[in-house]
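> This is the structure I want to talk about, given as structure tokens.
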Amino acid sequence: LVIHQREDNIVWISDLAFNNRVTFMSDGSSKAAIAAQKWVLDKFADAKLMIPGHGSAQTKPFPMVTWTLRYMQSLRDRTEAALDQGVDLQDAVDSIEFDDWKKVRLYGLNHRANVGFVYREMEAAAFD
Numbered sequence: 446l447v448i449h450q451r452e453d454n455i456v457w458i459s460d461l462a463f464n465n466r467v468t469f470m471s472d473g474s475s476k477a478a479i480a481a482q483k484w485v486l487d488k489f490a491d492a493k494l495m496i497p498g499h500g501s502a503q504t505k506p507f508p509m510v511t512w513t514l515r516y517m518q519s520l521r522d523r524t525e526a527a528l529d530q531g532v533d534l535q536d537a538v539d540s541i542e543f544d545d546w547k548k549v550r551l552y553g554l555n556h557r558a559n560v561g562f563v564y565r566e567m568e569a570a571a572f573d
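446 is the number of the first residue of the sequence shown in this note's numbering; add one for each residue after it.
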């Protein structure tokens, strides 16, 4: 859900990005979320303010969206490489780590679950 408050040029982006937190992915599509993040950055590049579902609001250039986008894209890239190499789910969860994110809030709580979600999502897509 994205709401553009036109009169004030404020964009409410719900859970498309978390500010100073690692996002949590438990449903939906990581691929669609990445596309939506790119759309938000393009469509609302001149917004005065973006307000996420979690964390504080930001002014442009909206690094929270860029960081969440990079996190999710890196997660998809690393997971795809693991699947291509025949790495099983548990080994992928145990081995896919992002050192540059380890000190970000909720990394310990959300990252392993995110790896598992994206792994299962991409594995299922291989059978579509």
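By construction, the Cβ of each residue, glycine as well, lies at the ideal position given by its N, Cα and C atoms.
Below 8 Å, how does it come out for the region 515 to 529 and the region 485 to 492: are there three or more Cβ pairs, yes or no?
no
> Can you look up Ile479 in the DSSP assignment and give me helix, strand or coil?
helix
> Would a C-beta distance cut-off of 7 Å place Gly500 and Asp460 closer than the cut-off?
Result no, Cβ atoms of Gly500 and Asp460 do not sit closer than 7 Å.
> In angstroms with no decimal places, state the Cα-to-Cα distance between Val510 and Phe572.
Going by the C-alpha atoms only, they are around 31 Å apart.
> Can you check which of these residues, Ile458, Glu452, Gln535 and Ser475, is closest to Met517 by C-alpha distance?
Ser475
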